[in-house]
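K.L.:
Counting from 14, one number per residue, gives the positions in the sequence shown under this note's numbering. Glycine included, each C-beta is placed from N, C-alpha and C at the ideal position.
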Amino acid sequence: SCDHVTGKCLCPPGYSGPQCQRSCEAGSFGLSCAKLCDCVEKAPCDPSTGRCLCPSGRWGPRCEKACD
(Lines of atoms letter the chains of each structure in order from A; the text may use other names.)
(Lines give C-alpha, C1' and ligand atoms only; values in the text may rest on other atoms or scores of the structure.)
Protein backbone atom coordinates (compact mmCIF):
# COMPACT_ATOMS: atom_id res chain seq x y z
CA SER A 14 0.00 0.00 0.00
CA CYS A 15 1.02 3.61 -0.33
CA ASP A 16 1.09 6.60 2.00
CA HIS A 17 -1.86 8.77 0.98
CA VAL A 18 0.17 11.98 1.47
CA THR A 19 3.66 11.17 0.16
CA GLY A 20 2.80 8.35 -2.25
CA LYS A 21 5.67 6.28 -0.85
CA CYS A 22 5.12 2.55 -0.54
CA LEU A 23 4.41 1.25 2.96
CA CYS A 24 6.30 -2.01 2.90
CA PRO A 25 5.17 -5.03 4.88
CA PRO A 26 7.59 -6.46 7.45
CA GLY A 27 10.51 -8.17 5.74
CA TYR A 28 10.66 -5.89 2.70
CA SER A 29 12.16 -2.54 1.75
CA GLY A 30 12.87 -0.43 -1.31
CA PRO A 31 10.89 2.06 -3.39
CA GLN A 32 8.41 -0.63 -4.50
CA CYS A 33 9.02 -3.02 -1.58
CA GLN A 34 10.92 -5.24 -3.98
CA ARG A 35 13.84 -6.09 -1.68
CA SER A 36 13.71 -8.72 1.02
CA CYS A 37 15.63 -7.81 4.17
CA GLU A 38 19.34 -8.53 4.03
CA ALA A 39 20.67 -11.44 6.07
CA GLY A 40 20.73 -10.55 9.74
CA SER A 41 17.84 -8.09 9.66
CA PHE A 42 14.05 -8.30 9.73
CA GLY A 43 10.80 -6.44 10.38
CA LEU A 44 9.42 -3.08 9.28
CA SER A 45 11.99 -1.31 7.09
CA CYS A 46 14.35 -4.19 7.97
CA ALA A 47 15.30 -2.16 11.05
CA LYS A 48 15.57 -5.00 13.58
CA LEU A 49 18.53 -7.35 13.96
CA CYS A 50 18.23 -11.13 14.18
CA ASP A 51 19.25 -12.69 17.50
CA CYS A 52 20.22 -16.17 16.34
CA VAL A 53 23.40 -17.97 17.39
CA GLU A 54 25.86 -19.65 15.02
CA LYS A 55 24.98 -16.98 12.43
CA ALA A 56 21.73 -18.79 11.68
CA PRO A 57 19.43 -16.80 9.38
CA CYS A 58 16.07 -15.48 10.53
CA ASP A 59 12.73 -15.02 8.84
CA PRO A 60 12.78 -11.54 7.25
CA SER A 61 9.19 -10.85 8.36
CA THR A 62 9.08 -12.24 11.90
CA GLY A 63 12.70 -12.57 13.01
CA ARG A 64 12.14 -16.23 13.91
CA CYS A 65 15.46 -18.07 13.75
CA LEU A 66 15.73 -20.61 10.93
CA CYS A 67 17.96 -23.22 12.53
CA PRO A 68 20.36 -25.25 10.40
CA SER A 69 20.41 -29.03 10.60
CA GLY A 70 21.63 -30.17 14.02
CA ARG A 71 20.54 -27.00 15.88
CA TRP A 72 17.27 -26.10 17.61
CA GLY A 73 15.74 -23.70 20.14
CA PRO A 74 14.34 -20.17 19.81
CA ARG A 75 17.80 -18.82 18.95
CA CYS A 76 19.23 -22.10 17.52
CA GLU A 77 21.26 -22.22 20.72
CA LYS A 78 20.84 -25.94 21.34
CA ALA A 79 22.61 -28.78 19.57
CA CYS A 80 20.86 -32.05 18.80
CA ASP A 81 22.20 -35.09 20.64
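#1: Return the residue from the list P31, S36 and S69 that minimises the CA-CA distance to T19.
#2: Give the C-beta separation of S41 and C24 to the nearest angstrom, bearing in mind that I take them to be a contact with Cβ-Cβ under 8 Å.
#3: Look up C22 in the DSSP assignment and give the residues it is bridged to.
#4: In three-state DSSP terms, what is L49?
P.N.:
Let me spell this out:
#1: When P31, S36 and S69 are compared, the shortest CA-CA separation from T19 is found for P31.
#2: Taking C-beta atoms under 8 Å as the contact rule, S41 and C24 fail to qualify, at a distance of about 13 Å.
#3: Answer by DSSP bridge pairing, in chain order: C15.
#4: Note: L49 maps to strand in three-state DSSP.
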